[in-house]
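Participant:
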Amino acid sequence: MTLDQESVRHLSEVSVSVELETPEMTLNIGPQHPSTHGVLRLMARVDGERTYDVRPVIGYMHRGYEKLAEVRTYPQITTIVNRIDWVSGYANEVPFMTAAEKLMEIEVPERALWIRTILTEMARISSHLVFMASYPLELGAATPLFFALRERERVLDLLESVTGGRFHPNFNRIGGVKPAYGSGSSTRKMIQDLPASFFAETKLAMENVLEACEQLEDLVAGNEIILARTRGVGVLPPEVAAAYGVTGPNLRASGVAFDLRKVEDYLPYDQFDFDVVTGENGDCWDRWYVRLQEIRQSARIVSQAVDSIPSGPLQAKVPKVIKVPRGETYVRAENPKGEMGYYLVSDGGQGPYRLKIRSASFSNISILPWALEGVLIPDIIAIMGSLDFVLGDVDR
Amino acid sequence: MTDIFAGVMSNFWVGLGIKLGIVAGLIPVVGMIIGFAEMKLSAKMQNRVGPYYAGGRWGWAQLIADGIKFFQKEDIIPANADRQIFKIAPALVLASTVALVVVIPFGPGLAFRNLELGLFFALAISSLSTIGVLIAGWSSANKYSLIGGLRAAGQLIAYELPLVLSVVGVVVLAGTMNLTTIVEAQIAAGYPYLVLQFVGFGIFMIAALAELSRIPFDMPIAESELVMGYLTEYTGFRFLFFFLAEFANMFTMSAIAATLFLGGYWLPGMTEEQMIVAGPLILAAKVFLLIFVMIWFRWTFPRFREDQLQRIAWKVLVPLALANIAVTAILKVVI
Amino acid sequence: MTSSQPEAESAEEAGAAEEVEAPHPLAEYAESVASAVGGEGVVTFDTVKVTVPADQWVETLTTARDELGLVMLSFVSAIDWSNQPAVGEALEEELEEETFELLATVADLTEGRRVTFSTRIPHEEAVIDSLVEVYAGANWHEREAHEMFGIVFTGHPDLSHLYLPDGFLGNPLLKSFPLLSREVKPWPGTVDVEAMPEDDDDESEAESEGDGDEAAPADEAEPEEATDDEADDEEGS
Numbered sequence: 007m008t009l010d011q012e013s014v015r016h017l018s019e020v021s022v023s024v025e026l027e028t029p030e031m032t033l034n035i036g037p038q039h040p041s042t043h044g045v046l047r048l049m050a051r052v053d054g055e056r057t058y059d060v061r062p063v064i065g066y067m068h069r070g071y072e073k074l075a076e077v078r079t080y081p082q083i084t085t086i087v088n089r090i091d092w093v094s095g096y097a098n099e100v101p102f103m104t105a106a107e108k109l110m111e112i113e114v115p116e117r118a119l120w121i122r123t124i125l126t127e128m129a130r131i132s133s134h135l136v137f138m139a140s141y142p143l144e145l146g147a148a149t150p151l152f153f154a155l156r157e158r159e160r161v162l163d164l165l166e167s168v169t170g171g172r173f174h175p176n177f178n179r180i181g182g183v184k185p186a187y188g189s190g191s192s193t194r195k196m197i198q199d200l201p202a203s204f205f206a207e208t209k210l211a212m213e214n215v216l217e218a219c220e221q222l223e224d225l226v227a228g229n230e231i232i233l234a235r236t237r238g239v240g241v242l243p244p245e246v247a248a249a250y251g252v253t254g255p256n257l258r259a260s261g262v263a264f265d266l267r268k269v270e271d272y273l274p275y276d277q278f279d280f281d282v283v284t285g286e287n288g289d290c291w292d293r294w295y296v297r298l299q300e301i302r303q304s305a306r307i308v309s310q311a312v313d314s315i316p317s318g319p320l321q322a323k324v325p326k327v328i329k330v331p332r333g334e335t336y337v338r339a340e341n342p343k344g345e346m347g348y349y350l351v352s353d354g355g356q357g358p359y360r361l362k363i364r365s366a367s368f369s370n371i372s373i374l375p376w377a378l379e380g381v382l383i384p385d386i387i388a389i390m391g392s393l394d395f396v397l398g399d400v401d402r
Numbered sequence: 066m067t068d069i070f071a072g073v074m075s076n077f078w079v080g081l082g083i084k085l086g087i088v089a090g091l092i093p094v095v096g097m098i099i100g101f102a103e104m105k106l107s108a109k110m111q112n113r114v115g116p117y118y119a120g121g122r123w124g125w126a127q128l129i130a131d132g133i134k135f136f137q138k139e140d141i142i143p144a145n146a147d148r149q150i151f152k153i154a155p156a157l158v159l160a161s162t163v164a165l166v167v168v169i170p171f172g173p174g175l176a177f178r179n180l181e182l183g184l185f186f187a188l189a190i191s192s193l194s195t196i197g198v199l200i201a202g203w204s205s206a207n208k209y210s211l212i213g214g215l216r217a218a219g220q221l222i223a224y225e226l227p228l229v230l231s232v233v234g235v236v237v238l239a240g241t242m243n244l245t246t247i248v249e250a251q252i253a254a255g256y257p258y259l260v261l262q263f264v265g266f267g268i269f270m271i272a273a274l275a276e277l278s279r280i281p282f283d284m285p286i287a288e289s290e291l292v293m294g295y296l297t298e299y300t301g302f303r304f305l306f307f308f309l310a311e312f313a314n315m316f317t318m319s320a321i322a323a324t325l326f327l328g329g330y331w332l333p334g335m336t337e338e339q340m341i342v343a344g345p346l347i348l349a350a351k352v353f354l355l356i357f358v359m360i361w362f363r364w365t366f367p368r369f370r371e372d373q374l375q376r377i378a379w380k381v382l383v384p385l386a387l388a389n390i391a392v393t394a395i396l397k398v399v400i
Numbered sequence: 004m005t006s007s008q009p010e011a012e013s014a015e016e017a018g019a020a021e022e023v024e025a026p027h028p029l030a031e032y033a034e035s036v037a038s039a040v041g042g043e044g045v046v047t048f049d050t051v052k053v054t055v056p057a058d059q060w061v062e063t064l065t066t067a068r069d070e071l072g073l074v075m076l077s078f079v080s081a082i083d084w085s086n087q088p089a090v091g092e093a094l095e096e097e098l099e100e101e102t103f104e105l106l107a108t109v110a111d112l113t114e115g116r117r118v119t120f121s122t123r124i125p126h127e128e129a130v131i132d133s134l135v136e137v138y139a140g141a142n143w144h145e146r147e148a149h150e151m152f153g154i155v156f157t158g159h160p161d162l163s164h165l166y167l168p169d170g171f172l173g174n175p176l177l178k179s180f181p182l183l184s185r186e187v188k189p190w191p192g193t194v195d196v197e198a199m200p201e202d203d204d205d206e207s208e209a210e211s212e213g214d215g216d217e218a219a220p221a222d223e224a225e226p227e228e229a230t231d232d233e234a235d236d237e238e239g240s
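Chains as they are written, first to last, in my numbering: chain Y, 7 to 402; chain D, 66 to 400; chain U, 4 to 240.
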């Protein structure tokens, strides 16, 4: 075949019009990264800025809770359980206590239940404020961090004044909450309840939290760039979310009005007046906004609770050595991150036979391979951050 | 006083030495001052105090301490990195910034070198830093750096156009590209060109923010995604060069903007002698105002995504700049 | 293994329900679910538990999802019923056959109902069909159950390790898997240092019970008895 000018020109045109193939790259958004909320590893196959698929690798923080629970007694498990989701420490203990109390058929006194409610809601405020602080930081705005964490300090101080711990309260006992003991000989016979100024300070703290919500809404909600980064990004349809077990604010942002506080009876939420906040589209913006509104609702609950808390004992009568009779039950609670449940199988011993911990973040991030397909790299961070998970909760 | 000054300057080599010394000394000093201002201003915006202990209650020595700290760090170059290019990159970025200082008029006749094509030279030299950033990202042998470098290449090239087009309006009004003559034209007109060229000013400031890779345009660095983008592998004094270059570049870009749009070293109602003495201070004040706005933006806004960034550059800023040029040209002829 | 005693609800509904004889409010629902899927339903401490045969596992959950409206997957896990645990205490009654009990808790999104489906598979042949087609979220739960118990889920796309490092041998949550720390130091028995609230005055605290060695706890008890301050508790009415 002869190469004359005509065919040469034709050949050159043909070779130029072939698409430029770019190889894909495996980017390790590795265990150590500013935005992965802990030691989460995402193996992302990317081509330029677009990801093909993302494979999460978890287990860097696996501590073996379920195996540990088999060699601990119930009071001992209380000390370790609040470390599952350490941002909302108190909220992890309550469903476990409720499960054990159900099997023992103990009736928890009213006052103890109300105190549990107050502290759980304060844990929820604390956890959502951490989200308010860290999510804009992942998008690039550094200032809301300081506003949110400043208010969180007040809540943590209150938690510390009651329970002695900011993150790991260990305040629940089988049958109620920990009765505090007075010190000094004149108060020997007196049970000291919550600290004297607790109720006044809590009301003040709740007002400050509401003010901070206003500030955050001004700073973040109207910001054009935040809207551009989060609207329409990471939409989770409710059917997909439910199939993956996504719960909590993530599910409510997709429009499903499902709140375990209204459905389950582990705490007296029916005595309080609060709304279930839902979003419309299920994108990152809705997840942010639902959490902001939930802070407001929690502040509402706490204010109502401190106004009309009943008096009474703090703990029911329980035997010295806790032996839970044979039985199984599943108690689920509305943790700040989602649904946290404990499936407790007891054989009548001092410790459980099997404790299955259903943690919220585990199911929440199991949707990541589905949600992160075909998105840009900055959107990986935006979507991941909006799911608000904690690695301790994922790995247990 | 001015006679001695003129006498000294008339000897070429002495004059050159003094000028080089001032320029070389200006960059680190200005960089440190602006860095300190950023720390303190951001602290105020975030309800904090900022540097407090270094050098007495104000913490003014913080940046000096940071500079010394960077210098005494170990010089780590990744094993797979391309050594020569890795070393050249920060120098390239810093060099383009230093070169920009040469044409800025600090007072009437007080530019280091009064080029006829001053504005052209400034914009051309400032785009050299793009190459520096790109080769920094490439030579680091790190996927994060590579992504950061490529993002930088895309972003910096995209925003060159609005940057250049936005100043054409000023050139049309002044009739020259000589920076000193532009200021004199504003003095002759009696008002700064901001009044007529506010669209151009806005576009220039946005494009300058993008050229500096500052939030809201800091995709190349994007701390929460790419660790430090193209700067990930740079430590020690090489990082210091980049760091200083960014702040010094803020200064030079703001100085160009102040010269073109805000009247440079001139305030209404000043005489020639006053301007020789107070000119640099006035320019510094205007520059500081612009830098304050840049810092304010950085701590208020999050960052744009890459495709949103490109969309703004090509679909919004470039047409706007072109329209600005057209309107200016028509009005100049008509009015 | 499971007790199905009807039980009066907590404080809110205490007035309505009678004592032991009244049926549990969820009993009717349990019956309806059990008959829909063809299994046995009980209510165990406010939890509806429906047991089905192992070969009907996938159809049961498909029915639950499609007909009963239980669209949300809570978890999928397993229990190792074994006679000789390496850790913890043995069962009170010996089992005739050692089995795995698989649990899948699913819930609905409108009325707050939840059902735990359970089935049994033998230890030797721990194989069951995967639920990935029914609930997409079962993917990770089954991976976890596989690496913790060794159960093989047929039809699962990728049964690789989820938590444990690559190359980890063994299935940790089996009762026969020992805890390394318990091999090093034997189980000290239960030590309970904090006293429980009681009626009588002059209560001495820090009672330690347990079948392990008493020496260490007893030492801790001594100094605490000396300082009575933290000890006393009185039931406030």
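Ideal placement from N, C-alpha and C gives every residue a C-beta, glycine not left out.
These figures come from a predicted structure and were not determined experimentally.
Establish whether the CB of D:I83 and some CB of chain Y are separated by less than 8 Å.
Facilitator: No, its Cβ sits nowhere closer than 8 Å to a Cβ of chain Y.
Participant: Please confirm whether Y:I307 and Y:F278 have their CB atoms less than 8 Å apart.
Facilitator: A contact, by the Cβ cut-off of 8 Å.
Participant: Which whole-angstrom value is the C-beta distance of D:P281 and D:F151, which I expect to be below 8 Å?
Facilitator: Not a contact, Cβ separation roughly 29 Å.
Participant: Relative to the C-alpha of U:G115, which residue among Y:A388, Y:W376, Y:V337, Y:P358 is closest?
Facilitator: Considering only alpha carbons, the answer is Y:V337.
Participant: Show which residues of chain Y have a CB atom less than 9 Å away from the CB atom of U:N142.
Facilitator: Under the 9 Å cutoff, chain Y gives Y250, S372, P375.
Participant: What does Y:H68 touch in chain U if you count any residue whose Cβ is under 8 Å from its own?
Facilitator: Within 8 Å Cβ-Cβ: Y166, L167.
Participant: Chain Y partners of D:E298, CB-CB under 7 Å?
Facilitator: None at all; the shortest Cβ gap to chain Y is about 15 Å.
Participant: When you check each C-beta in the stretch 108-122 of chain D against every C-beta of chain Y, which residues fall closer than 8 Å?
Facilitator: Listed in sequence order: M110, Q111, N112, R113.
Participant: For D:S191, which of D:T365, D:A164, D:G265, D:M293 has the nearest alpha-carbon?
Facilitator: The shortest Cα separation from D:S191 among D:T365, D:A164, D:G265, D:M293 belongs to D:A164.
Participant: Quick check: what's the CA-CA separation for Y:A249 versus Y:A366?
Facilitator: In a straight line, the C-alpha of Y:A249 is about 14 Å away from that of Y:A366.
Participant: Going along the stretch 77-108 of chain U in order, which residues come within less than 7 Å of chain Y, judged by CB to CB distance?
Facilitator: The stretch 77-108 of chain U vs chain Y, Cβ under 7 Å: S77, F78, S80, I82, V90, G91, E92, L94, E95, L106, T108.
Participant: Taking C-beta pairs closer than 7 Å, name the residues in chain U that Y:S369 reaches, listed in chain order.
Facilitator: By Cβ distance, chain U contributes G140.
Participant: How many angstroms separate the CA atom of Y:E220 from the CA atom of Y:Y141?
Facilitator: The straight-line gap from Cα to Cα measures roughly 17 Å.
Participant: Can you tell which of D:S107, D:F171, D:A176, D:Q111 has the C-alpha that lies nearest to the C-alpha of D:L81?
Facilitator: Ranking the options by Cα distance to D:L81, first place goes to D:A176.
Participant: Taking just the CA atoms, how far does Y:Y275 sit from U:H27?
Facilitator: Going by the C-alpha atoms only, they are around 22 Å apart.
Participant: Three-state secondary structure (DSSP) at Y:G65?
Facilitator: Reduced to three states, the DSSP call for Y:G65 is coil.
Participant: Would DSSP call D:A156 helix, strand or coil?
Facilitator: Looking at D:A156 - three-state DSSP - the assignment turns out to be helix.
Participant: Tell me the rounded alpha-carbon separation between Y:F264 and Y:R258.
Facilitator: About 6 Å.
Participant: Which residues share a DSSP beta bridge with U:T122?
Facilitator: For U:T122, which the question treats as bridged, DSSP gives the partners U:L105.
Participant: How about U:L183: is its C-beta nearer than 8 Å to some C-beta of chain Y?
Facilitator: So no, U:L183 is outside the interface.
Participant: With DSSP run on the structure shown, which of helix, strand or coil describes D:S191?
Facilitator: Helix.
Participant: Note down, in chain order, each residue of its chain lying with its Cβ closer than 7 Å to the Cβ of D:E319, except the 5 sequence neighbours on either side.
Facilitator: Checking the sequence, you will find Ser at residue 319 of chain D rather than Glu. The residues are V352, L355, I356.
Participant: Would a check of beta-carbon distances place D:T241 closer than 8 Å to chain Y?
Facilitator: Answer no: the Cβ-Cβ gap between D:T241 and chain Y never drops below 8 Å.
Participant: So, D:L106 versus D:I360, is the Cβ gap smaller than 8 Å?
Facilitator: Yes, they are a contact pair.
Participant: What separation, rounded to the nearest whole angstrom, lies between the Cα atoms of Y:R117 and Y:N178?
Facilitator: Whole-angstrom Cα-Cα distance: 13 Å.
Participant: Is it buried or exposed, Y:L17, if we count other Cβ atoms within 10 angstroms and call 16 or more buried?
Facilitator: Any reading at Y:L17 must be qualified, since the residue scores a pLDDT of 48, below 50, and its modelled position is unreliable; the value itself is stated next. It counts as exposed.
Participant: For Y:N34, collect the residues of the same chain with a Cβ closer than 7 Å to its Cβ; drop the 5 residues on either side in sequence, then sort them by chain order.
Facilitator: Cβ within range, chain order: R47, M49.
Participant: Can you name, in chain order, every residue of its own chain whose Cβ lies under 7 Å from the Cβ of D:K259, other than the five neighbours on each side?
Facilitator: The amino acid at residue 259 of chain D is misidentified as Lys; the sequence shows Leu. Closer than 7 Å at Cβ, skipping near neighbours: F266, F326, L327.
Participant: Does DSSP put Y:Y349 in a helix, in a strand, or in coil?
Facilitator: Strand, per DSSP.
Participant: For the beta strand (DSSP E) that contains Y:Y336, what are its first and last residues?
Facilitator: Start and end: 333-341.
Participant: Opposite U:W84 in the DSSP bridges: which residues?
Facilitator: U:T102.
Participant: Mind checking the stretch 26-52 of chain U against chain Y and listing, in chain order, the residues whose C-beta falls within less than 8 Å of any C-beta there?
Facilitator: If the cut-off is 8 Å between Cβ atoms, the stretch 26-52 of chain U has T47, F48, D49, T50, K52 near chain Y.
Participant: If you measure from the beta carbon of Y:G333 to each beta carbon in chain D, is any gap under 8 Å?
Facilitator: No, Y:G333 lies away from the interface with chain D (no Cβ there is under 8 Å from its Cβ).
Participant: Just to confirm, are Y:V215 and Y:V161 a CB contact at a threshold of 8 Å?
Facilitator: Contact: yes.
Participant: Exposed or buried, what is U:D58 when buried is set at 16 or more other beta-carbons lying within 10 Å of its beta-carbon?
Facilitator: Looking at its Cβ environment, which holds fewer than 16 other Cβ atoms inside 10 Å, U:D58 is exposed.
Participant: Between U:P125 and chain Y, is any beta-carbon pair separated by less than 8 Å?
Facilitator: U:P125 does not count as touching chain Y.
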